[in-house]
């Protein structure tokens, strides 16, 4: 009964539309149908692309739960039962959580240090006039173009001579000087913080550093947060530096540990390999689930503002 | 009122102290090493331009140069093409597609994952006999016998290119989309009234106005691409197998320095890489803005 009325209504509707101008409208509905088909095709293609983006991760997750023999014999999307077995095989040789902890410690410290000191430097460049300021700023911009690998060998030698190889110091301390973050924050604070606000604070008797901490930092916070995401991701994913600097497996960061995993006994057991990779990937995916909107907006902002 | 400007130095001092020690000094030291035969221990003996002469005649370096370009080039064309098509579809006013936020996030996801994990994952997914990819392709019937993805130079390079595309097209899409949304709707409305079709709207309005954004993507991608290291290192044996086809410039630098202890020569490789990056960035800049300046003068 209900279905009938719906159909009837539809027919009625179509007739209503057709009635007033019968010569033009059928073609228009045809066009509409055509664009509807195109739209559906586009949605199908987009969905396929989304599946392609996700399928390697899906394979990884499924295989992480399957035993080595099962993986060797063929692929299926049905999860296996060897998850814990794989886990213990992996843990026997490589403690992936140590890598996790190390990466987390380094990345958090790097993000905090780079955020704070870049804000400090950006503020110094933006609101004081002193001799050599322009030269230093331009020099910093030029150095920004220099790829990280250029100084790699010198950096290794320096760390060796300072006796800080196989420590986290060469991975953390140098990020106090992050030219790109300074550049971004300076652009930002110049447009958002009016000098009169600083003047007012000075008249109230606040010291220069107090002004920075109580007036400038809160205003800069959104830009610092944006940059922090990229600093954190960059540090988390950094491979070549910790690979060169660290020797002791218990100090390895996650990416280096991944390379270590490949060369270890674990590589004999594909299920454990997949599980190790999955453990390194899944937390990032979960974090992204909550932060995706924010991250996407940050990328857009970073590229358009310049 | 007292002069507060001297405080400027206090604010920028920490940055510059660290910058001088950990950035400038290593770059200078590497430059010095590039004229020596330093091997990581003992005394560095100055050998003049010998390392640079060797660089130009080193077939491995030249090969690494072309490998890097091939891998980056294929990836870039696919990546930017996909990003543009997607941006075109999603910005089409007549189509009114939904789910932009959803697709954008999904497409971007691979970019966030640690490259080392990606390399390891594909290393085993693309395995000849036991890799899940071949198993699936065989099951569907797309191929009749397993493809040895990572054992043939051509397919190995292609695989790395495609993985890079997979990782980066979402990022480029977001950036292009940001550029597209910055273009005033008035242009599109005017084009609609003038009866321009989709292709014309795209080539005459969207593309020219996207130029700065495309330049940004190209330069950043080029600089990143020339430094390709993690993926080729971890996906096969770490020295560029098969047949040296995955030997990229930075991988070569790394192996020369930390595997074979040729610090002096590796330093020269680093500077060679730097000069190459500079030259190609300049060419990209000129190619995209040089023409414009000429046109402006003519007008």
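Residue numbers (our numbering), protein chains in the order written: chain A, 1 to 306; chain B, 1 to 299.
Using N, Cα and C, we set each Cβ at its ideal position, and we do this for glycine too.
For residue i, does the count of other Cβ atoms within 10 angstroms reach 16, so buried, or fall short, so exposed?
i, result
"residue 72 of chain B", "buried"
"residue 189 of chain B", "exposed"
"residue 77 of chain B", "exposed"
"residue 35 of chain B", "buried"
"residue 157 of chain A", "buried"
"residue 208 of chain B", "exposed"
"residue 61 of chain B", "buried"
"residue 51 of chain A", "exposed"
"residue 162 of chain A", "exposed"
"residue 65 of chain B", "buried"
"residue 21 of chain A", "Any reading at residue 21 of chain A needs caution, since the residue's pLDDT is 48, under 50, leaving its predicted position unreliable; the model's value is listed next. Residue 21 of chain A should be labelled exposed."
"residue 60 of chain A", "buried"
"residue 208 of chain A", "buried"
"residue 297 of chain A", "exposed"
"residue 5 of chain B", "exposed"
"residue 242 of chain A", "buried"
"residue 289 of chain B", "exposed"
Any beta-carbon of chain A closer than 9 Å to the one on residue i?
i, result
"residue 8 of chain B", "yes"
"residue 166 of chain B", "yes"
"residue 15 of chain B", "yes"
"residue 285 of chain B", "no"
"residue 26 of chain B", "yes"
"residue 301 of chain B", "Residue numbering for chain B in the displayed model covers 1 to 299; residue 301 of chain B lies beyond these limits and cannot be assessed."
"residue 4 of chain B", "yes"
"residue 43 of chain B", "no"
"residue 94 of chain B", "yes"
"residue 139 of chain B", "yes"
"residue 190 of chain B", "no"
"residue 71 of chain B", "no"
"residue 187 of chain B", "no"
"residue 175 of chain B", "yes"
"residue 203 of chain B", "no"
"residue 250 of chain B", "yes"
"residue 281 of chain B", "yes"
On the premise that residue j lies in contact with residue i, defined as a C-beta separation below 8 Å, what is that separation, rounded to the nearest angstrom?
i, j, result
"residue 52 of chain B", "residue 268 of chain B", "5 Å"
"residue 205 of chain B", "residue 191 of chain B", "6 Å"
"residue 100 of chain A", "residue 254 of chain A", "6 Å"
"residue 128 of chain A", "residue 212 of chain A", "Residue 128 of chain A to residue 212 of chain A, Cβ: 11 Å. No contact."
"residue 157 of chain B", "residue 246 of chain B", "7 Å"
"residue 32 of chain B", "residue 153 of chain A", "In fact, because the Cβ distance is near 10 Å, the residues do not count as touching under 8 Å."
"residue 236 of chain A", "residue 114 of chain B", "7 Å"
"residue 147 of chain A", "residue 227 of chain B", "6 Å"
Looking at the C-beta of residue i, does it have a partner C-beta in chain B at a distance below 9 Å?
i, result
"residue 23 of chain A", "Residue confidence for residue 23 of chain A is low, a pLDDT of 49 falling below 50, so the modelled location carries little weight; the figure read from the coordinates is stated next. Answer no: the Cβ-Cβ gap between residue 23 of chain A and chain B never drops below 9 Å."
"residue 251 of chain A", "no"
"residue 123 of chain A", "yes"
"residue 176 of chain A", "yes"
"residue 8 of chain A", "Summary for residue 8 of chain A: the model assigns pLDDT 40, below 50, so the residue's position carries little reliability; its value from the coordinates is reported in the next sentence. Output row for residue 8 of chain A: interface = no."
"residue 293 of chain A", "yes"
"residue 128 of chain A", "yes"
"residue 274 of chain A", "yes"
"residue 352 of chain A", "As displayed, chain A neither begins before 1 nor continues past 306, which places residue 352 of chain A out of reach and without an answer."
"residue 75 of chain A", "yes"
"residue 239 of chain A", "yes"
"residue 236 of chain A", "yes"
"residue 34 of chain A", "no"
"residue 145 of chain A", "yes"
Between residue i and the rest of its own chain, which residues show a CB-CB distance below 6 Å, the 5 nearest in sequence each way excluded?
i, result
"residue 96 of chain A", "276, 279"
"residue 30 of chain A", "none"
"residue 79 of chain A", "62, 65"
"residue 219 of chain A", "192, 193"
"residue 188 of chain A", "223"
Leaving aside the five residues before and after residue i along the sequence, list all residues of the same chain whose C-beta is less than 8 Å from its C-beta, in chain order.
i, result
"residue 85 of chain A", "67, 271"
"residue 83 of chain A", "64, 65, 275"
"residue 262 of chain B", "39, 256"
"residue 294 of chain A", "229"
"residue 133 of chain A", "125"
Can you determine whether any heavy atom of the ligand GDP sits closer than 8 Å to the C-beta of residue i, and answer yes or no?
i, result
"residue 190 of chain B", "With respect to small molecules bound, the structure shown includes none, and the ligand GDP cannot be examined in it."
Three or more C-beta pairs closer than 8 Å, one from the stretch 42-55 of chain A and one from the stretch 219-230 of chain A: is that the case here?
no
Give a yes or no on contact between the stretch 182-195 of chain A and the stretch 119-135 of chain A, applying the rule of three or more CB pairs nearer than 8 Å.
yes
Any 3 or more C-beta pairs closer than 8 Å across the stretch 65-81 of chain A and the stretch 132-145 of chain B
Flag = yes, the stretch 65-81 of chain A and the stretch 132-145 of chain B touch.
Indicate whether the contact test is met: 3 or more Cβ pairs, each with one atom in the stretch 211-223 of chain B and one in the stretch 36-50 of chain B, closer than 8 Å.
no
Do the stretch 107-121 of chain B and the stretch 158-175 of chain B meet, that is, are 3 or more Cβ pairs less than 8 Å apart?
yes
Could you check whether the stretch 242-255 of chain B touches the stretch 14-25 of chain B, counting it as contact only if at least three pairs of C-beta atoms, one from each stretch, sit closer than 8 Å?
no
Contact between the stretch 170-177 of chain A and the stretch 102-114 of chain A: three or more CB pairs below 8 Å?
yes
Check whether the stretch 110-123 of chain B touches the stretch 229-239 of chain B, taking contact to mean three or more Cβ pairs, one atom from each stretch, closer than 8 Å.
yes
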